[in-house]
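Residue numbers (the numbering used here): 3 to 348. Beta carbons are placed, not taken as given, at the ideal position from N, Cα and C, and that holds for glycine.
Here it is in structure tokens:
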């Protein structure tokens with residue numbers, strides 16, 4: 003077996019989706035693929051992974067010349083191309099996911115042909131794929147991201163890039179963007195289980211992970227999404243009080259839950275709940291003085307917005323002014339965290 007063929011066999015193990023072992027080696031070394039090469043791997047669906055790969059449509063081939071001398075692009079070049087494509091995805095261009103897959107194909111082919119270790123797809127590169135699927139508008143983005151994560155977790159392949167905390171957060175985003183908080187919650191549990199199995203402290207779920215879960219519920223269409231978001235916040239508060247500093251709730255934690263209650267219930271009861279959350283945050287800060295718990299301008303702005311748009315109170319203007327004066331008094335006393343901004347007066 004020549005050197006290129008040997009590298010092909012080793013490299014196929016790291017592709018994001020499992021390739022069925024019955025595919026003959028000649029099928030991807032003697033022919034040219036329908037597309038730019040390894041992207042046939044990326045488009046393998048869950049159904050195809052259950053041995054439904056047809057010989058004509060899904061046999062995988064690599065268009066690599068035996069005399070190919072390598073791509074002139076470096077890891078940094080590929081990385082910059084990935085980031086440019088991600089910016090396009092933020093503009094809701096579904097085609098950008100295909101662009102990112104194409105860049106991955108090019109990088110993969112460059113590695114195969116050159117055997118340059120710097121071009122080996124690492125966790126950072128896989129996370130870009132995950133972020134791309136999470137951020138696109140395609141309905142299947144959540145399932146595609148989870149398929150890639152499943153592959154990264156596959157312990158039968160010891161050469162693939164392993165997921166880190168960011169990997170799980172991207173897949174949680176993917177399900178949050180598709181209004182499926184239950185899937186996001188399962189991903190958080192998977193992260194916790196992997197942390198325990200590997201004894202890797204870097205995988206321990208933290209405030210950012212739980213905030214992703216709060217956002218997933220807030221974005222959902224669930225009728226009890228406010229209560230579910232508060233449930234997660236309360237768990238964070240309880241854990242923090244019990245000494246788990248990794249789960250200290252921060253301004254974003256409280257703002258998201260306050261916003262959810264205020265949006266769902268514009269009655270007096272809804273505003274009462276928002277105020278209770280606000281007071282709870284102030285009380286926690288007084289007890290612990292953690293910067294993450296300090297009610298700052300965005301937190302006060304959220305309270306002001308909820309008062310202003312609540313339909314159950316008689317004089318919202320007067321109540322918003324009272325909050326504003328409290329901010330101004332604190333800012334004048336030297337509390338820079340409560341300096342009003344343009345959003346305060348909007």
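Practice problem: Report all residues from its chain with a CB closer than 6 Å to the CB of residue 309; omit the five preceding and five following residues, and keep chain order. | Solution: Start at 1 with the first residue of the chain shown, and residue 309 comes out as number 307. Cβ neighbours of residue 309 beyond the five flanking positions: 318, 321, 322.
Quiz item: In whole angstroms, what separates the C-alpha of residue 340 from that of residue 163?
Solution: By one-based count along the chain shown, residue 340 stands at place 338. By one-based count along the chain shown, residue 163 stands at place 161. The straight-line gap from Cα to Cα measures roughly 44 Å.
Quiz item: Between residue 128 and residue 98, is the Cβ-Cβ spacing less than 8 Å?
Solution: Looking up residue 128 in the chain shown gives position 126. Looking up residue 98 in the chain shown gives position 96. Not closer than 8 Å, so no.
Quiz prompt | Euclidean distance between Cα positions of residue 306 and residue 338 | solution = Your numbering for residue 306 matches position 304 in the chain shown. Your numbering for residue 338 matches position 336 in the chain shown. Looking at the two C-alpha atoms, the distance is approximately 18 Å.
Self-check item: Backbone CA spacing between residue 269 and residue 190 [nearest angstrom]
Solution: Taking the chain shown and counting its residues from 1, the one referred to as residue 269 is at position 267. Taking the chain shown and counting its residues from 1, the one referred to as residue 190 is at position 188. So the alpha carbons of these two residues sit roughly 33 Å apart.
Quiz item: Can at least three beta-carbon pairs, one atom from the region 285-298 and one from the region 257-274, be found at a separation below 8 Å?
Solution: no
Quiz item: Pick from 146, 282, 325: whose alpha carbon is nearest that of residue 253?
Solution: Position 251 of the chain shown, counted from the first residue, corresponds to residue 253. When only C-alpha atoms are compared, the closest one is 282.
Quiz prompt | Buried or exposed by the 16-neighbour rule on C-beta atoms within 10 Å, applied to residue 179 | solution = Taking the chain shown and counting its residues from 1, the one referred to as residue 179 is at position 177. With 16 or more Cβ atoms within 10 Å of its Cβ, residue 179 is classed as buried.
Quiz item: Does the region 150-166 come close enough to the region 118-137 that 3 or more CB-CB pairs lie under 8 Å?
Solution: yes
Quiz item: Got a sec? Which residues, its chain only, sit under 7 Å from residue 24 by beta carbon, not counting five neighbours each side?
Solution: What you label residue 24 is simply residue 22 of the chain shown in a count that begins at 1. With a pLDDT of 30 at residue 24, under the threshold of 50, the modelled position of this residue cannot be trusted; read the value that follows with caution. Hits under 7 Å: none found.
Quiz item: Taking Cβ to Cβ, would you say residue 214 is nearer than 8 Å to residue 167?
Solution: Translated into the one-based positions of the chain shown, residue 214 becomes position 212. Translated into the one-based positions of the chain shown, residue 167 becomes position 165. No, Cβ-Cβ distance for residue 214 and residue 167 is not below 8 Å.
Self-check item: Three or more C-beta pairs below 8 Å linking the region 195-209 and the region 173-187
Solution: Short answer: they don't touch.
Quiz prompt | Start-to-end residues for the alpha helix (DSSP H) that takes in residue 230 | solution = If you number the chain shown from 1, residue 230 lands on position 228. From DSSP, the alpha helix (DSSP H) with residue 230 extends over 227-243.
Self-check item: Straight-line Cα distance separating residue 136 from residue 336
Solution: On the chain shown, position 334 is the one that residue 336 refers to. On the chain shown, position 134 is the one that residue 136 refers to. In a straight line, the C-alpha of residue 336 is about 42 Å away from that of residue 136.
Practice problem: In the DSSP assignment, find the unbroken alpha helix (DSSP H) run with residue 269 in it and report its ends. | Solution: On the chain shown, residue 269 is found 267 positions in, with the first residue counted as 1. Where residue 269 is concerned, there is no enclosing alpha helix (DSSP H), given that its DSSP letter is neither H nor E.
Quiz prompt | CB of residue 258 within 8 Å of CB of residue 183, strictly | solution = Taking the first residue of the chain shown as position 1, residue 258 is located at position 256. Taking the first residue of the chain shown as position 1, residue 183 is located at position 181. The answer is no: Cβ separation not under 8 Å.
Practice problem: May I ask which residues mark the beginning and end of the alpha helix (DSSP H) holding residue 336? | Solution: Mapped onto the chain shown, residue 336 falls at position 334. Note, residue 336: premise wrong, no alpha helix (DSSP H); not H, not E.
Quiz item: Can residue 216 and residue 255 be called in contact, C-beta distance under 8 Å?
Solution: Counting from 1 along the chain shown, the entry for residue 216 is found at position 214. Counting from 1 along the chain shown, the entry for residue 255 is found at position 253. Yes.
Quiz item: DSSP three-state call for residue 42: helix, strand or coil?
Solution: The residue labelled residue 42 in the question sits at position 40 within the chain shown. Note on residue 42: pLDDT 39, under 50, position unreliable in the model; the coordinate value appears next. When secondary structure is reduced to three states using DSSP, residue 42 falls in the helix class.
Exercise. Helix, strand or coil for residue 280, going by three-state DSSP, please let me know.
Key: Stepping through the chain shown from its first residue, residue 280 is reached at position 278. Three-state DSSP puts residue 280 in a helix.
Quiz item: residue 116 by DSSP, collapsed to three states: which one?
Solution: What you label residue 116 is simply residue 114 of the chain shown in a count that begins at 1. DSSP places residue 116 in helix when its eight states are reduced to three.
Quiz item: By DSSP, does residue 74 sit in helix, in strand, or in coil?
Solution: Locating residue 74 in the chain shown gives position 72, where the first residue counts as 1. Residue state, collapsed to three classes: coil.
Practice problem: Please classify residue 110: does DSSP put it in a helix, a strand, or coil? | Solution: Stepping through the chain shown from its first residue, residue 110 is reached at position 108. Three-state DSSP puts residue 110 in a helix.
Self-check item: Residue environment, residue 140, which counts as buried when at least 16 other CB atoms sit within 10 Å
Solution: For the purposes of this step, residue 140 is identified with residue 138 of the chain shown, where counting begins at 1. The residue is exposed, with fewer than 16 neighbouring Cβ atoms inside 10 Å.
Quiz item: Buried or exposed: residue 198, going by 16 or more other Cβ atoms within 10 Å of its Cβ?
Solution: On the chain shown, residue 198 is found 196 positions in, with the first residue counted as 1. That one is exposed.
Practice problem: Look at the alpha carbon of residue 40 and the alpha carbon of residue 100, and state the distance between them as a whole number of angstroms. | Solution: For the purposes of this step, residue 40 is taken as the residue at position 38 of the chain shown. For the purposes of this step, residue 100 is taken as the residue at position 98 of the chain shown. Low per-residue confidence applies at residue 40: pLDDT is 38, beneath 50, and the placement is therefore not dependable, though the value from the model is reported in the following sentence. Going from the Cα of residue 40 to the Cα of residue 100 covers about 12 Å.
Practice problem: Let me know the secondary structure DSSP gives residue 142 once reduced to three states. | Solution: As a first step, residue 142 is located in the chain shown; it is residue number 140 there, counting from the start. It is coil, neither helix nor strand.
Self-check item: Other residues of its chain near residue 333: CB distance less than 6 Å, five sequence neighbours each side excluded
Solution: Reading the chain shown from its first residue, position 331 is the one you call residue 333. Closer than 6 Å at the Cβ level, and outside the excluded window around residue 333, lie 340, 341.
Exercise. Identify whether residue 247 lies in helix, strand or coil by the three-state DSSP scheme.
Key: Along the chain shown, read from residue 1 onward, the residue named residue 247 stands at position 245. Residue 247 falls in the helix class under three-state DSSP.
Practice problem: Can you have a look at residue 161 and say buried or exposed, based on whether 16 or more other CB atoms are within 10 angstroms of its CB? | Solution: For this step, residue 161 is matched to residue 159 along the chain shown. It is exposed - the Cβ of residue 161 has fewer than 16 other Cβ atoms within 10 Å.
Self-check item: DSSP three-state assignment for residue 201, whether helix, strand or coil
Solution: Within the chain shown, the letter at position 199 stands for residue 201. Here residue 201 sits in coil by DSSP.
Quiz prompt | Contiguous alpha helix (DSSP H) assignments of at least 4 residues, all confined to the region 150-194 | solution = Taking only runs of at least 4 residues, the alpha helix (DSSP H) segments lying wholly in the region 150-194 are 167-178.
Exercise. Taking residue 219 as part of the alpha helix (DSSP H), name the residues at either end of that continuous run.
Key: On the chain shown, residue 219 is found 217 positions in, with the first residue counted as 1. Taken as a continuous stretch (DSSP letters only), the alpha helix (DSSP H) holding residue 219 covers 209-221.
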